[in-house]
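Asker:
Chains as they are written, first to last, in the numbering used here: chain Y, 17 to 274; chain G, 17 to 274; chain X, 17 to 274; chain V, 17 to 274.
In structure tokens, the structure reads:
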């Protein structure tokens, strides 16, 4: 299940200084020694605010399907969401090929394209659209037209929801290329389901590291996976920086699709 | 894979009398003794047209995720599509419950609600919307409000695509009930994927019956499953009648969801 | 999850007259008006014993992966178990084909072959072995040898566990045909996992019927699916008779595999 | 599908010096510039033999569910096999818990325990048995007995096939602990099925690297994943060394299971 953070989740009050202070008082009143915050970017920013008002040790565990936490190569849930979207596109590909259609498949990612990129690479998408790269519709048309000229009339375009109105994008492609285009929105299924082995194992390894830190009296850290190794970074550093998308992989995707 | 019919699929020409005659001539020229048409309503109407111009024996095998072929209790692919949608809603339910949200889940079915009804019954949907029943938004609001009053703030509304603009329906529910509502469109994945055991077995049994008919010199039939038994009905009868949705099941669904 | 019956499951004491009387006394002392027994053959025989000592209304709901309850065409869980075994054999078929091997795949069914037959038919098994038919190894060898002569060196033999020592059967086939033979035991996974749409829907329909019976004051019945319709039969009748395997389907299986 | 190596697979002749020389002559006669060998340990040893007799550039791509190739953190197919076994154990766990049974689950791995360790860690197995650690039955009994004393009567023991006769191990546990013990062999399904996103992506990245090497005129290499980065190592080095199992993870597994 998509987990929700202890205390901070869906609590508009927490977004005010008063709310944060009240949370800190609750921690003190209940003699909470350590607090493990499980979530993404937003949760960690809340945790950072809270850390300034409390002595409770705070450790973040990156768990979000967006994979957009700075300092860790992967977040808990990302591999699960990728596999869910890939399994869905496998099924869509059946119709795409048999009916010679182009599918725009919208995956989650309002601001970041990590999920779209991983999914697109994995399914060999003809086009991958991410919020980090400017949307160049002419280039999209060109790819679809060139594929059609080579006899390949089906195609998968993976688009992060943040790239714009995918309904409009699908219509524009249809009007400008003559291809029959359909839209599919993978949606909230990406946030649920039984986790993959990798997501579960990462959760276990992260949990072990978080508990190790707190029992050693270390706080204000975010546990992380870096180059295959479990480690931890400063909570402040994780909040202040933005994780970069590896744009080299967009180039690789073009090679794989041809 | 979503199969496409031999000869008739995606052929606008076939929709004209000339196209049908040309097809009949092709069958004659190639000495085709028997033709098995695999598909749904539309394919069978095409087959009926063709049957008037040819001596080739024509037998229909009902294969469509819509389950809307008159004379058979089930079509090949229906069980697969139901399971695909159910598996997706299982994943969506995770988010619905953890975030206390109501989800409108659109499943396929432009004119008929067989898929929506089976899916809704299976997942215990709080509301099922099918094209065969008038859309009563007040009743939908009432169900959502009553559930909320009982402390159940999450919910699944399964809607066949034919009931109207589901985006608008989701927004109206949000505005009239105060619930947080999200839309999910299961989409074309329902038409693909590895078939379930039941869909495969039905395909085998239908195939056996179709071949039995043709080798016995019988044409203008549609193979069918009736009350658990493989049989066949007249092609004309299947085309002329409309399969009825069992509305008693909509009542059962209300009982199951409470 | 594989459900266990209220009260009766895994209770050796219940197998004695004293145990049954004690259970009846418990029902009386707790003023239990109705008891729904969910299970298979064994559970229903226990229910029948109990029914002779109590006034509590007893209704059976057939739920077993063995599908061996007389009077119902299908039991809750059967479709799930079939799909689990079929999905596993799909994966095994990959190795069978790429390595040109024959696989003996043992599925559950100590005394009955319903599961083996449905699985074997669905996957197009080259051979299906069920406890209801005498084990004819010469015929198995012949089929494997004939397939090899036609260039088909891979194969799937689905065997119910009740046909004998599958390890020995696999070895005998290897020694008598020259084929490379491997054994795979699908095992207890068939009893678990998320239920299919059909298993869930059947459970809902059975539950509705069971409650309808009890609220109408009717006991000593087993709810059932007959020719696509929900109905019910006498508990005694269900216990006294043995469900027959449709051996015509074994013939169909041979046709499908060739 | 479980891939088979070009030329070398299942060819006993290749295991002789004459066979290798003949293969080298074939490569020369057909003017093969580059040869990509996809497989595990055994394939790469064959490739090393061949490399001594030919000028064709040889590059290895590690693809085996055993993950036992020295020099790479992961092989293509490993993540898929782990997920297949984990999904199966999820289903077995249903029966284990509802019937209070201990399951010995045998996973692949004749000589190495990478798969068993990853699977065991992921499912939170109570015991993990790998060929790299001496089999200490007394310790296994102790764990089962201590769990039972704490009220936990179900359990999962993941055992690599290489640890010994799992049927005997299951019986010994039953006799020495009083627990009801069942054996389940996951089997060849681990070698098949639709690959996970990670296995597919790794295959793409490895393929890109292999082609880059050959087009640059570099041979006798094995492509590899090291600390999250695609790289390559010497074919000879990969063949001469044995990959070590991270035994620290066996300790972690004990922590996770309690």
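All C-beta atoms, glycine included, are put in the ideal place defined by N, C-alpha and C.
(1) In or out: residue 131 of chain V buried (at least 16 other Cβ within 10 Å) or exposed?
(2) Kindly indicate which three-state DSSP category residue 46 of chain X falls into: helix, strand or coil?
(3) Since residue 220 of chain V meets chain Y, which of its residues come closer than 7 Å, beta carbon to beta carbon?
(4) I'd like to confirm the pairing. Which residues does DSSP put opposite residue 247 of chain Y in its beta bridges?
(5) Kindly list, in the order they appear in chain V, the residues whose Cβ is closer than 8 Å to that of residue 243 of chain Y.
(6) Compare the C-alpha of residue 122 of chain X against each of X/146, X/76 and X/64 and name the closest.
(7) Would you kindly report the start and end of the unbroken beta strand (DSSP E) that includes residue 198 of chain X?
(8) For residue 79 of chain X, which residues does DSSP report across the bridge?
(9) Given this structure, state the Cα-to-Cα distance separating residue 94 of chain Y from residue 184 of chain X, to the nearest angstrom.
(10) Taking contact to mean 3 or more Cβ pairs, one atom from each stretch, closer than 8 Å, check whether the segment 136-143 of chain X and the segment 169-181 of chain X are in contact.
(11) Hey, how far is the Cα of residue 209 of chain X from the Cα of residue 77 of chain Y?
(12) For residue 130 of chain G, write down the residues that DSSP places opposite it in a beta bridge.
(13) Pull out every residue of the segment 205-236 of chain X whose Cβ sits closer than 8 Å to any Cβ of chain G, in chain order.
(14) Between residue 241 of chain V and the rest of its own chain, which residues show a CB-CB distance below 7 Å, the 5 nearest in sequence each way excluded?
(15) So, helix, strand or coil for residue 122 of chain V, using DSSP?
(16) What is the residue span of the beta strand (DSSP E) that residue 171 of chain G lies within?
(17) Using 8 Å as the cut-off, can you tell me whether the segment 228-238 of chain Y makes contact with the segment 249-259 of chain Y, which would need three or more C-beta pairs spanning the two stretches below that distance?
(18) Using the Cα positions of residue 212 of chain Y and residue 134 of chain Y, report the straight-line distance between them to the nearest angstrom.
(19) Closer than 8 Å by beta-carbon distance: list the chain Y residues that pair up with residue 200 of chain G, in chain order.
(20) Is residue 102 of chain X close to chain G, meaning its C-beta is less than 7 Å from at least one C-beta of that chain?
(21) Nearest chain X C-beta to residue 96 of chain V closer than 7 Å, yes or no?
(22) Give me the chain V residues within the contact set of residue 89 of chain Y, using Cβ-Cβ distance strictly less than 9 Å, ordered along the chain.
(23) Roughly how many angstroms lie between the CA atoms of residue 21 of chain G and residue 262 of chain Y, to the nearest whole one?
(24) Which of the three DSSP states is assigned to residue 102 of chain G in this structure?
(25) Compare the beta carbon distance of residue 175 of chain V and residue 182 of chain V with 7 Å and say whether it is the shorter of the two.
(26) According to DSSP, simplified to helix, strand and coil, what is residue 18 of chain V?
(27) From what residue to what residue does the alpha helix (DSSP H) around residue 217 of chain G run?
(28) Express the C-alpha separation of residue 226 of chain V and residue 33 of chain V in angstroms, rounding to a whole number.
(29) By DSSP, does residue 266 of chain V sit in helix, in strand, or in coil?
(30) Quick one: which chain X residues come within Cβ less than 7 Å of residue 57 of chain G?
(31) Assign residue 43 of chain Y to one of two classes, buried (16 or more other C-beta atoms within 10 Å of its C-beta) or exposed (fewer than that).
(32) If contact is defined by three or more beta carbon pairs under 8 Å, each pair taking one atom from either stretch, is the segment 195-206 of chain X in contact with the segment 57-66 of chain X?
(33) Run the CB neighbour count on residue 154 of chain G, radius 10 Å, all protein chains shown included, and call it buried at 16 or more, exposed below.
(34) Would you kindly report the start and end of the unbroken beta strand (DSSP E) that includes residue 146 of chain G?
(35) Taking Cβ positions, are residue 195 of chain X and residue 118 of chain X nearer each other than 7 Å?
Answerer: With the structure as the only source:
(1) Taking the first residue of the fourth chain as 1, we reach residue 131 of chain V at position 115. Burial call: buried.
(2) The residue labelled residue 46 of chain X in the question sits at position 30 within the third chain. Residue state, collapsed to three classes: coil.
(3) As a working note, residue 220 of chain V is residue 204 in the fourth chain. 137 and 272, listed in chain order.
(4) As a working note, residue 247 of chain Y is residue 231 in the first chain. Y/240.
(5) Indexing the first chain from 1 puts residue 243 of chain Y at position 227. The contacting residues are 243, 244 and 245.
(6) On the third chain, residue 122 of chain X is found 106 positions in, with the first residue counted as 1. Minimum Cα distance to residue 122 of chain X is reached at X/146.
(7) Taking the first residue of the third chain as 1, we reach residue 198 of chain X at position 182. Residue 198 of chain X -> beta strand (DSSP E) spans 197-201.
(8) Position 63 of the third chain, counted from the start, is the residue given in the question as residue 79 of chain X. X/92, per the DSSP bridge assignment.
(9) Position 78 of the first chain, counting from 1, holds the residue named residue 94 of chain Y. Position 168 of the third chain, counting from 1, holds the residue named residue 184 of chain X. Each residue's Cα considered, the two are about 45 Å apart.
(10) yes
(11) The residue labelled residue 209 of chain X in the question sits at position 193 within the third chain. The residue labelled residue 77 of chain Y in the question sits at position 61 within the first chain. Cα to Cα, the separation comes out at about 29 Å.
(12) Working through the second chain from its first residue, we reach residue 130 of chain G at position 114. Note: residue 130 of chain G sits in no beta bridge, so no partner.
(13) 210, 212, 213, 214, 216, 217, 220, 221 and 224
(14) Working through the fourth chain from its first residue, we reach residue 241 of chain V at position 225. Result list for residue 241 of chain V: 88, 89, 90 and 218, in chain order.
(15) By one-based count along the fourth chain, residue 122 of chain V stands at place 106. Three-state result, residue 122 of chain V: strand.
(16) Walking along the second chain from the start, residue 171 of chain G turns up at place 155. That run of the beta strand (DSSP E) goes 171-176.
(17) yes
(18) Counting from one through the first chain, the residue named residue 212 of chain Y turns up at place 196. Counting from one through the first chain, the residue named residue 134 of chain Y turns up at place 118. When rounded, the distance between both Cα atoms is 15 Å.
(19) Within the second chain, the letter at position 184 stands for residue 200 of chain G. In chain order: 201, 203, 204 and 205.
(20) Against the third chain, residue 102 of chain X aligns to sequence position 86. Chain G contact via Cβ: present.
(21) Indexing the fourth chain from 1 puts residue 96 of chain V at position 80. Not closer than 7 Å to any Cβ of chain X, the Cβ of residue 96 of chain V fails to qualify, so no.
(22) Your numbering for residue 89 of chain Y matches position 73 in the first chain. In chain order: 244.
(23) Counting from 1 along the second chain, the entry for residue 21 of chain G is found at position 5. Counting from 1 along the first chain, the entry for residue 262 of chain Y is found at position 246. Confidence at residue 21 of chain G is low in this model, with a pLDDT of 40, below 50, so the placement of that residue should be treated as unreliable; the coordinate-derived value is given next. Cα-Cα distance, rounded: 44 Å.
(24) Counting from 1 along the second chain, the entry for residue 102 of chain G is found at position 86. Looking at residue 102 of chain G - three-state DSSP - the assignment turns out to be helix.
(25) On the fourth chain, residue 175 of chain V is found 159 positions in, with the first residue counted as 1. On the fourth chain, residue 182 of chain V is found 166 positions in, with the first residue counted as 1. Yes, they are a contact pair.
(26) As a first step, residue 18 of chain V must be located in the fourth chain, where it is residue number 2. With a pLDDT of only 37 at residue 18 of chain V, under 50, the local geometry of the prediction cannot be trusted, and the value read off the model is given with reservation. Residue 18 of chain V falls in the coil class under three-state DSSP.
(27) Looking up residue 217 of chain G in the second chain gives position 201. 213-231 is the span of the alpha helix (DSSP H), which, as asked, contains residue 217 of chain G.
(28) Along the fourth chain, one-based indexing puts residue 33 of chain V at 17. Along the fourth chain, one-based indexing puts residue 226 of chain V at 210. Cα to Cα, residue 33 of chain V sits roughly 27 Å from residue 226 of chain V.
(29) The count along the fourth chain starts at 1 and reaches residue 266 of chain V at position 250. Looking at residue 266 of chain V - three-state DSSP - the assignment turns out to be helix.
(30) Along the second chain, one-based indexing puts residue 57 of chain G at 41. Within chain X, no residue comes near residue 57 of chain G; the closest Cβ sits about 21 Å away, beyond 7 Å.
(31) Here residue 43 of chain Y refers to the residue found at position 27 of the first chain. By the neighbour-count rule (16 or more Cβ atoms within 10 Å), residue 43 of chain Y is buried.
(32) no
(33) What you label residue 154 of chain G is simply residue 138 of the second chain in a count that begins at 1. Flag for residue 154 of chain G reads exposed.
(34) For the purposes of this step, residue 146 of chain G is taken as residue 130 along the second chain, with counting starting at 1. It is not in any beta strand (DSSP E) - residue 146 of chain G carries neither H nor E in the DSSP assignment.
(35) The residue given as residue 195 of chain X occupies position 179 in the third chain. The residue given as residue 118 of chain X occupies position 102 in the third chain. A contact, by the Cβ cut-off of 7 Å.
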